[in-house]
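Structure first, then comments.
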Amino acid sequence: MNKEGYLNMDLLRFTTAGSVDDGKSTLIGRLLYDSKSIFEDQLEAVETASKKKGEEHVNLALLTDGLRAEREQGITIDVAYRYFATPKRKFIIADTPGHIQYTRNMVTGASSANLAIILVDARKGILEQTIRHSFIASLLQIPHIIYCINKMDLVEYSETVFEKIKKELEAFSAKLDVKDITFIPISALKGDNVVERSTTMNWYQGPTLMYLLENIHISGDHNLIDARFPVQYVIRPQSTEYHDFRGYAGRMASGVLKKGEEIMVLPSGFTSRIKSIYSSGTELEEAFAPMSVTITLEDEIDISRGDMVVRVNNQPEQTQEIDVMLCWFNEKPLVLNGKYALKHTTKEVRCIVKDILYKMDINTLSRNTENKSIGMNDIARVNLRTTAPLLADKYHRNRITGSLVLIDEATNETVAAGMII
Amino acid sequence: MNKYHLTHLKELEAESIYVLREVAAQFENPALLFSGGKDSIVCFHLAKKAFWPAKVPFPLVHVDTGHNFKETLEFRDELVKKNGVNLIVGSVQESIDSGKVTEEKGFNASRNALQTVTLLDTIEKYKFDACMGGARRDEEKARAKERFFSHRDEFGQWDPKNQRPELWNIFNGKKNIGEHFRVFPISNWTEMDVWQYILLEQIELPSLYFTHQRECFIRDGVIYAHENVIPLKPNEKPEIMQVRFRTIGDISCTGAVLSKANTLEEIVEEVAATRVTERGSRIDDKRSEAAMEDRKKQGYF
Numbered sequence: 001m002n003k004e005g006y007l008n009m010d011l012l013r014f015t016t017a018g019s020v021d022d023g024k025s026t027l028i029g030r031l032l033y034d035s036k037s038i039f040e041d042q043l044e045a046v047e048t049a050s051k052k053k054g055e056e057h058v059n060l061a062l063l064t065d066g067l068r069a070e071r072e073q074g075i076t077i078d079v080a081y082r083y084f085a086t087p088k089r090k091f092i093i094a095d096t097p098g099h100i101q102y103t104r105n106m107v108t109g110a111s112s113a114n115l116a117i118i119l120v121d122a123r124k125g126i127l128e129q130t131i132r133h134s135f136i137a138s139l140l141q142i143p144h145i146i147y148c149i150n151k152m153d154l155v156e157y158s159e160t161v162f163e164k165i166k167k168e169l170e171a172f173s174a175k176l177d178v179k180d181i182t183f184i185p186i187s188a189l190k191g192d193n194v195v196e197r198s199t200t201m202n203w204y205q206g207p208t209l210m211y212l213l214e215n216i217h218i219s220g221d222h223n224l225i226d227a228r229f230p231v232q233y234v235i236r237p238q239s240t241e242y243h244d245f246r247g248y249a250g251r252m253a254s255g256v257l258k259k260g261e262e263i264m265v266l267p268s269g270f271t272s273r274i275k276s277i278y279s280s281g282t283e284l285e286e287a288f289a290p291m292s293v294t295i296t297l298e299d300e301i302d303i304s305r306g307d308m309v310v311r312v313n314n315q316p317e318q319t320q321e322i323d324v325m326l327c328w329f330n331e332k333p334l335v336l337n338g339k340y341a342l343k344h345t346t347k348e349v350r351c352i353v354k355d356i357l358y359k360m361d362i363n364t365l366s367r368n369t370e371n372k373s374i375g376m377n378d379i380a381r382v383n384l385r386t387t388a389p390l391l392a393d394k395y396h397r398n399r400i401t402g403s404l405v406l407i408d409e410a411t412n413e414t415v416a417a418g419m420i421i
Numbered sequence: 422m423n424k425y426h427l428t429h430l431k432e433l434e435a436e437s438i439y440v441l442r443e444v445a446a447q448f449e450n451p452a453l454l455f456s457g458g459k460d461s462i463v464c465f466h467l468a469k470k471a472f473w474p475a476k477v478p479f480p481l482v483h484v485d486t487g488h489n490f491k492e493t494l495e496f497r498d499e500l501v502k503k504n505g506v507n508l509i510v511g512s513v514q515e516s517i518d519s520g521k522v523t524e525e526k527g528f529n530a531s532r533n534a535l536q537t538v539t540l541l542d543t544i545e546k547y548k549f550d551a552c553m554g555g556a557r558r559d560e561e562k563a564r565a566k567e568r569f570f571s572h573r574d575e576f577g578q579w580d581p582k583n584q585r586p587e588l589w590n591i592f593n594g595k596k597n598i599g600e601h602f603r604v605f606p607i608s609n610w611t612e613m614d615v616w617q618y619i620l621l622e623q624i625e626l627p628s629l630y631f632t633h634q635r636e637c638f639i640r641d642g643v644i645y646a647h648e649n650v651i652p653l654k655p656n657e658k659p660e661i662m663q664v665r666f667r668t669i670g671d672i673s674c675t676g677a678v679l680s681k682a683n684t685l686e687e688i689v690e691e692v693a694a695t696r697v698t699e700r701g702s703r704i705d706d707k708r709s710e711a712a713m714e715d716r717k718k719q720g721y722f
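Top line first, the protein sequences correspond to chains U and S. Note that the working numbering gives residue 48 to position 48 of the first sequence, counting from 1, and the numbers run on in steps of one. Note that the working numbering gives residue 683 to position 262 of the second sequence, counting from 1, and the numbers run on in steps of one.
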């Protein structure tokens, strides 16, 4: 790869959810293997381990199942991250177990993904887990979903089967909130339409999975409209050379900020202009999501971590009363009227759970208003009241300023993820 | 590609800088574990960028096994001098001398595992509440499960089955007294990303990474540097070889590769063509299938 090549590569984060028997490991194994991202010693180790377990084929799942307990029990219990690159893109796979008891892992993997691959067994069509995976992808606002209709080799590569499943998925996904959906007939085992175009499905004219992964348009995935700069850290060098330097360090959550632009600092409401934008020693004309930069302002204003720099005429809501979709992660169930620590952007407050509106049945997408006990892996709509105002956007519009986590104040564990409605 | 677009290296850099700043903001007494290897050198480079024009607001901690290459130590001291940072050295030799650990015996003896005790002692002595390190998820399958912010109990242990979920870019560094965190700012980088970034930023490295002539010998298919910390077996004959190191650790557990790569460009090309992981030459991982997981549970970095 020449220097110009990798300097133009971009980064795609995607998630794959699925259970043991739907061919997910085979698919990931193939993507890694065919892009030459599995190394000889890794393959050797997996071969040895497969033999030791008396398995006939090389079990590529052993590549991703990194923990002793996972290998012993033959299950994936945690999100595993995998990496591969082609000359066009670097890919980060958040590989998550697909069973309902691992909803929390799916949600975790989905939170930072630009794209989700959802596998559908061509013999079985839409299953409960298809609905579950699709709902989570939509709930977490993953911009692109690729449905891979897998095991086409077991249905004689039939166009009729593919079209039937595709129609059903289209009808069902109309109810979801997803921007971009694609369908590809594949055989992960035989390699059809994964990296190489299938020779047995000439009726399919669309792209292969790898082509789509490499070319899908992702630069529009960031919100570039609403300028949001949560202040992370205040930089005061106290050196002779930079005696008066007071820089606000942070990562652009969304939007663009330009040098000279009039801004407002929240929650104080003071206004000023951007004096300079630095990416370490380099001065920039503008900063955009997801850059990490340091900005200085024309006026001396009292600003600290948790504050937010925005444009005067485009502000987030300041509120102490929010509705969120909550995914519960902990064995200890959600307590109505319970108090939790809440982290939102760079700000930390406390909150109380005022109301549980309904629990979501994620297999049928129905709302349960009768049973409102929220335990591990449950998803519910709740109402929270916070001790101090949050500078919040709706998750639908902004995945960074619209998201939060709840923390148990006794154990310090992260017990829930919330998406602001 | 539109104007508001980051390359993969710039996006990884932005993510790592964000993590480094979160550490400085969330913890009272953090430190950066510094081995003198390329990954910790990149972490330090990112830390300089994250806090510019201020100095890096935490010390470097080096756990010195006493079996380091002299090139590594020289590079470390030079970097400390040039950047005016604090360096704290935890000495495995001292842990041995004080009877806290017992040195392994035999031809394959290594001080790698002993480091854990010295590291935990150093953390306790200086009361560090967060130790950052250059571990990457692509290195090893147990590391593939690591969080950016990884909780350690009061004994410094990792509980991989009970990790905190990590979503979006919200990091939970809350803990009780006596507990600490390990933080891995370059979790999402691959070996290739690290080399490309070193080339892009022209980051200085120890000479060990570049081709040189060295007296080496081969044991179990691994090329070892011939130094007095590894006793030779009767049939082993050291000879001069043209080698470089892909990773730098202890002399006793770091294998060299035959290579003529003398520039960063040549190294990037070599890494792109290689078919073996960089930890393929790390003897410490080969002791068992779960060697890394077991060491990490004990508090290893």
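Think of the CB as a built atom: it goes at the ideal place given N, C-alpha and C, for glycine as much as any other residue.
Among residues of its own chain, excluding the 5 on either side of residue i, which ones have a beta-carbon nearer than 7 Å to its beta-carbon?
i	result
F528(S)	P652 and K654
A188(U)	G23, T26, L27, R30, N150 and V194
V510(S)	H483 and D485
P478(S)	A445 and F472
Return the chain-ordered list of same chain residues with a C-beta closer than 6 Å to the C-beta of residue i, the five sequence neighbours on each side being excluded.
i	result
L11(U)	K90
Y521(S)	Before going further, note that residue 521(S) is Lys rather than Tyr in the sequence given. Hits under 6 Å: V538.
D34(U)	V195
V650(S)	H488, I672 and S673
T364(U)	none
T611(S)	D559
I517(S)	E524
A287(U)	M252, L257, I277 and V293
For residue i, which three-state DSSP category applies?
i	result
V444(S)	helix
I374(U)	coil
D192(U)	strand
S276(U)	strand
M422(S)	In this predicted model, M422(S) has a pLDDT of only 45, less than 50, meaning its place in the structure is not dependable; the value taken from the coordinates is given anyway. Note: M422(S) maps to coil in three-state DSSP.
S723(S)	Outside the shown range of chain S (422 to 722) lies residue 723(S), about which nothing can therefore be said.
E321(U)	strand
I181(U)	strand
V650(S)	coil
R123(U)	coil
M1(U)	Caution is warranted here: a pLDDT of 45 is assigned to M1(U), below 50, making its placement in the model unreliable, and no coordinate value can be reported.
Could you spell out the range, first to last residue, of the alpha helix (DSSP H) harbouring residue i?
i	result
V46(U)	E40 to K52
F465(S)	K459 to F472
Y358(U)	Premise fails: Y358(U) lies in the beta strand (DSSP E), K347 to D361, not in any alpha helix (DSSP H).
E491(U)	Given a span of 1 to 421 for chain U in the structure shown, any question on residue 491(U) remains unanswerable.
R311(U)	Unbroken run through R311(U) is the beta strand (DSSP E), M308 to R311; no alpha helix (DSSP H).
Y547(S)	Q536 to Y547
F496(S)	K491 to N504
M412(S)	This structure does not reach residue 412(S), given that chain S is present from 422 up to 722, and the question cannot be answered.
N105(U)	T103 to S111
R381(U)	Not the alpha helix (DSSP H): R381(U) falls in the beta strand (DSSP E), residues I379 to A392.
H133(U)	E128 to L139
Of the residues the options, which one's Cα is nearest the Cα of residue i?
i	options	result
E492(S)	V697(S), E687(S), E636(S) and Y630(S)	Y630(S)
F605(S)	S628(S), I644(S), E560(S) and K582(S)	E560(S)
I591(S)	T199(U), K347(U), H217(U) and K52(U)	K347(U)
T414(U)	R30(U), A380(U), M152(U) and L334(U)	L334(U)
G281(U)	S272(U), V293(U), I301(U) and I181(U)	V293(U)
Taking 8 Å as the limit between beta carbons, can you name the residues of its chain near residue i, skipping five residues before and five after?
i	result
E660(S)	E636, C637 and F638
D355(U)	L336, V382 and N383
S112(U)	R13 and A94
L621(S)	L430
Along the beta strand (DSSP E) that carries residue i, what are the first and last residues, could you check?
i	result
H633(S)	H633 to R640
L453(S)	P451 to L454
Y242(U)	Premise fails: Y242(U) is in no beta strand (DSSP E) and is neither H nor E.
V664(S)	E660 to F666
G418(U)	T414 to I420
- Message: Taking beta-carbon pairs under 8 Å, can you tell me which members of the segment 450–463 of chain S lie near chain U?
- Response: Taking 8 Å as the Cβ-Cβ cut-off against chain U, none of the residues of the segment 450–463 of chain S qualify.
- Of the residues that make up the segment 424–437 of chain S, which ones have a beta carbon closer than 9 Å to any beta carbon in chain U? Taking 9 Å as the Cβ-Cβ cut-off, the segment 424–437 of chain S approaches chain U at K424, Y425, H426, L427, T428, H429, L430, K431, E432, L433, E434, A435, E436 and S437, given in chain order.
- Which residues, taken in chain order from the segment 357–390 of chain U, show a beta carbon closer than 8 Å to some beta carbon of chain S? None of the residues of the segment 357–390 of chain U has a beta carbon lying less than 8 Å from any beta carbon of chain S.
- Message: Short of 8 Å Cβ to Cβ, which residues in the segment 221–239 of chain U face chain S?
- Response: Hits within the stretch, in order: H222, L224, Q232, Y233, I235, R236, P237, Q238 and S239.
- Members of the segment 22–43 of chain U that neighbour chain S once the beta carbon cut-off is set at 7 Å: Per Cβ criterion, the list reads F39, E40, D41 and Q42.
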